[in-house]
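Contents: one structure, followed by commentary.
Numbering (the numbering used here), first residue to last: 8 to 75.
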């Protein structure tokens, strides 16, 4: 079972969850959230994020895996 998620969808979900864009370095967008010491970095634009990258983003953002 593959998880095909676009970076645009991840960014929308991060913003809805209270994360804000802190900086853009090349094609990497870095997000921060008040009260969370970790940063979430999303390669963008990217159509299908690799499974390892997706899992790392979900884990850091505090979301459950697999995505629903």
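Ideal Cβ positions, reconstructed from N, Cα and C, are used throughout, including at glycine.
Quantities reported herein were computed from a predicted structural model and do not represent experimental measurements.
Output the distance between the C-alpha atoms of residue 74 and residue 21, rounded to the nearest integer angstrom.
As a first step, residue 74 must be located in the chain shown, where it is residue number 67. As a first step, residue 21 must be located in the chain shown, where it is residue number 14. Using only the alpha carbons, I get a separation of about 13 Å.
Starting from residue 38, follow its DSSP beta bridges and name the residues at the other end.
On the chain shown, position 31 is the one that residue 38 refers to. In DSSP, residue 38 forms a bridge with 28, 47.
Looking only at its own chain, which residues have a Cβ that is under 7 Å from the Cβ of residue 30, when we skip the five neighbours before and after it?
Indexing the chain shown from 1 puts residue 30 at position 23. Taken in chain order, the residues that qualify are 37.
Let's see if you can read the secondary structure: which residues bound the alpha helix (DSSP H) around residue 12?
In the chain shown, the residue the question calls residue 12 occupies position 5. Where residue 12 is concerned, there is no enclosing alpha helix (DSSP H), given that its DSSP letter is neither H nor E.
Boundaries of the alpha helix (DSSP H) in which residue 61 is found, first to last residue:
Looking up residue 61 in the chain shown gives position 54. Residue 61 -> alpha helix (DSSP H) spans 58 to 68.
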